[in-house]
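K.L.:
In my numbering, the protein residues as written are 8 to 145. We put the CB at the ideal spot given by N, CA and C, even for glycine. I'd like to ask some things about the structure below.
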Amino acid sequence: MEQFLTREPTKFIISEVPEKLDQYLALLRAKLTPQLYLTRSRPIFLEILHPAVSKVEGLKVLGERLGIGLSEMMAIGDAHNDIEMLQGVGLGVAMGNAPPEVQAQADWVTAGIEDEGVVVALEKFILRETGQINDITG
(Lines of atoms letter the chains of each structure in order from A; the text may use other names.)
(Lines give C-alpha, C1' and ligand atoms only; values in the text may rest on other atoms or scores of the structure.)
Protein backbone atom coordinates (compact mmCIF):
# COMPACT_ATOMS: atom_id res chain seq x y z
CA MET A 8 0.00 0.00 0.00
CA GLU A 9 2.85 2.42 0.72
CA GLN A 10 4.02 2.18 -2.89
CA PHE A 11 0.50 2.89 -4.08
CA LEU A 12 0.26 6.01 -1.92
CA THR A 13 3.65 7.43 -2.92
CA ARG A 14 3.38 7.07 -6.70
CA GLU A 15 1.40 8.94 -9.31
CA PRO A 16 -2.36 8.45 -8.97
CA THR A 17 -3.54 5.13 -10.28
CA LYS A 18 -6.30 2.67 -9.54
CA PHE A 19 -7.05 -0.97 -8.90
CA ILE A 20 -10.30 -2.65 -9.85
CA ILE A 21 -11.66 -5.73 -8.10
CA SER A 22 -14.33 -7.63 -10.01
CA GLU A 23 -16.57 -9.95 -8.02
CA VAL A 24 -20.22 -10.76 -7.44
CA PRO A 25 -22.01 -7.79 -5.80
CA GLU A 26 -22.59 -9.50 -2.45
CA LYS A 27 -18.88 -10.21 -1.97
CA LEU A 28 -17.94 -6.71 -3.12
CA ASP A 29 -20.24 -5.30 -0.44
CA GLN A 30 -18.23 -7.23 2.15
CA TYR A 31 -14.89 -6.17 0.64
CA LEU A 32 -15.97 -2.55 0.53
CA ALA A 33 -17.03 -2.52 4.19
CA LEU A 34 -13.77 -4.16 5.25
CA LEU A 35 -11.55 -1.93 3.13
CA ARG A 36 -13.38 1.25 4.18
CA ALA A 37 -12.85 0.36 7.83
CA LYS A 38 -9.14 -0.29 7.33
CA LEU A 39 -8.03 2.03 4.51
CA THR A 40 -10.15 5.18 4.55
CA PRO A 41 -8.94 7.97 4.25
CA GLN A 42 -5.64 6.58 2.91
CA LEU A 43 -7.43 5.33 -0.20
CA TYR A 44 -10.55 6.38 -2.10
CA LEU A 45 -12.99 3.49 -2.56
CA THR A 46 -15.97 3.47 -4.89
CA ARG A 47 -18.23 1.18 -6.91
CA SER A 48 -18.44 1.92 -10.62
CA ARG A 49 -20.70 -1.00 -11.53
CA PRO A 50 -22.35 -3.69 -9.40
CA ILE A 51 -19.42 -6.05 -10.05
CA PHE A 52 -16.56 -3.50 -9.82
CA LEU A 53 -14.88 -2.05 -6.75
CA GLU A 54 -12.38 0.69 -7.56
CA ILE A 55 -9.49 1.51 -5.24
CA LEU A 56 -7.81 4.82 -6.01
CA HIS A 57 -5.27 7.26 -4.68
CA PRO A 58 -7.14 9.59 -2.28
CA ALA A 59 -6.43 12.62 -4.51
CA VAL A 60 -8.25 11.00 -7.43
CA SER A 61 -11.98 11.35 -7.94
CA LYS A 62 -14.30 12.81 -10.52
CA VAL A 63 -15.13 15.79 -8.33
CA GLU A 64 -11.42 16.49 -7.78
CA GLY A 65 -10.95 16.42 -11.55
CA LEU A 66 -13.78 18.92 -11.94
CA LYS A 67 -12.14 21.17 -9.33
CA VAL A 68 -8.92 21.21 -11.37
CA LEU A 69 -10.85 21.89 -14.58
CA GLY A 70 -12.80 24.65 -12.85
CA GLU A 71 -9.60 26.31 -11.63
CA ARG A 72 -8.25 26.34 -15.17
CA LEU A 73 -11.51 27.72 -16.59
CA GLY A 74 -12.18 30.13 -13.76
CA ILE A 75 -15.45 28.54 -12.63
CA GLY A 76 -16.49 26.94 -9.37
CA LEU A 77 -18.13 23.60 -8.77
CA SER A 78 -21.39 25.39 -7.95
CA GLU A 79 -21.47 26.66 -11.55
CA MET A 80 -21.06 23.19 -13.08
CA MET A 81 -23.45 20.51 -14.24
CA ALA A 82 -22.37 16.88 -14.14
CA ILE A 83 -24.10 13.85 -15.61
CA GLY A 84 -23.58 10.36 -14.21
CA ASP A 85 -24.97 6.84 -14.30
CA ALA A 86 -23.07 4.81 -11.70
CA HIS A 87 -22.20 4.66 -8.01
CA ASN A 88 -18.80 6.22 -8.65
CA ASP A 89 -20.63 9.34 -9.90
CA ILE A 90 -22.48 10.07 -6.64
CA GLU A 91 -19.79 12.29 -5.13
CA MET A 92 -19.57 14.21 -8.41
CA LEU A 93 -23.35 14.63 -8.64
CA GLN A 94 -23.44 15.95 -5.07
CA GLY A 95 -20.40 18.20 -5.53
CA VAL A 96 -21.59 20.34 -8.44
CA GLY A 97 -24.29 22.95 -8.79
CA LEU A 98 -26.53 20.65 -10.83
CA GLY A 99 -26.17 16.88 -10.61
CA VAL A 100 -28.03 14.95 -13.31
CA ALA A 101 -28.45 11.17 -13.18
CA MET A 102 -29.15 9.13 -16.27
CA GLY A 103 -32.50 7.35 -16.37
CA ASN A 104 -30.70 4.02 -16.54
CA ALA A 105 -28.67 4.76 -13.37
CA PRO A 106 -29.36 2.65 -10.28
CA PRO A 107 -32.09 4.08 -8.01
CA GLU A 108 -29.58 4.98 -5.29
CA VAL A 109 -27.64 7.11 -7.82
CA GLN A 110 -30.81 8.77 -9.09
CA ALA A 111 -31.77 9.60 -5.50
CA GLN A 112 -28.57 11.64 -5.09
CA ALA A 113 -29.13 13.75 -8.22
CA ASP A 114 -30.92 17.07 -8.55
CA TRP A 115 -32.63 15.86 -11.72
CA VAL A 116 -32.99 12.57 -13.60
CA THR A 117 -32.82 12.64 -17.39
CA ALA A 118 -33.77 9.98 -19.92
CA GLY A 119 -31.72 6.81 -20.21
CA ILE A 120 -28.69 6.48 -22.40
CA GLU A 121 -30.69 4.71 -25.11
CA ASP A 122 -33.08 7.69 -25.19
CA GLU A 123 -30.31 10.31 -25.53
CA GLY A 124 -30.44 11.39 -21.90
CA VAL A 125 -27.28 13.47 -22.18
CA VAL A 126 -28.76 15.42 -25.09
CA VAL A 127 -32.02 15.91 -23.17
CA ALA A 128 -30.13 17.33 -20.17
CA LEU A 129 -27.90 19.57 -22.28
CA GLU A 130 -30.90 20.96 -24.15
CA LYS A 131 -32.85 21.56 -20.93
CA PHE A 132 -30.16 23.14 -18.79
CA ILE A 133 -27.48 24.49 -21.11
CA LEU A 134 -28.62 25.18 -24.65
CA ARG A 135 -32.10 26.50 -23.87
CA GLU A 136 -30.81 28.78 -21.09
CA THR A 137 -28.11 30.25 -23.33
CA GLY A 138 -30.40 30.64 -26.32
CA GLN A 139 -28.34 28.19 -28.37
CA ILE A 140 -31.07 25.59 -28.77
CA ASN A 141 -32.19 27.17 -32.05
CA ASP A 142 -28.68 26.77 -33.44
CA ILE A 143 -28.88 22.98 -33.27
CA THR A 144 -32.55 22.39 -33.90
CA GLY A 145 -33.03 24.76 -36.82
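(1) Could you tell me the distance, in whole angstroms, from the CA atom of L93 to the CA atom of V109?
(2) How would you call S22, buried or exposed, if buried means at least 16 neighbouring beta carbons within 10 angstroms?
(3) For the alpha helix (DSSP H) containing V96, list its first residue and its last residue.
(4) Taking a contact to mean a Cβ-Cβ separation below 7 Å, would you say V96 touches A82 in this structure?
(5) Would I20 pass as a contact of E64 if the rule is Cβ separation under 7 Å?
(6) Rounded to whole angstroms, what is the Cα-Cα separation between A128 and S78?
(7) Return the first residue and the last residue of the beta strand (DSSP E) that G119 is part of.
(8) Among I75, E121, I51, V126, whose alpha-carbon lies nearest the alpha-carbon of V100?
P.N.:
According to the structure data:
(1) Roughly 9 Å separates the two Cα atoms.
(2) Within a 10 Å sphere around the beta-carbon of S22 sit fewer than 16 other beta-carbons, which makes this residue exposed.
(3) Unbroken run through V96: none, as it is neither H nor E.
(4) The answer is yes: Cβ separation under 7 Å.
(5) No, these two residues do not count as a Cβ contact at 7 Å.
(6) Separation of A128 and S78 (C-alpha to C-alpha, rounded to the nearest whole angstrom) is 17 Å.
(7) Premise fails: G119 is in no beta strand (DSSP E) and is neither H nor E.
(8) Measuring from the Cα of V100, the nearest candidate turns out to be V126.
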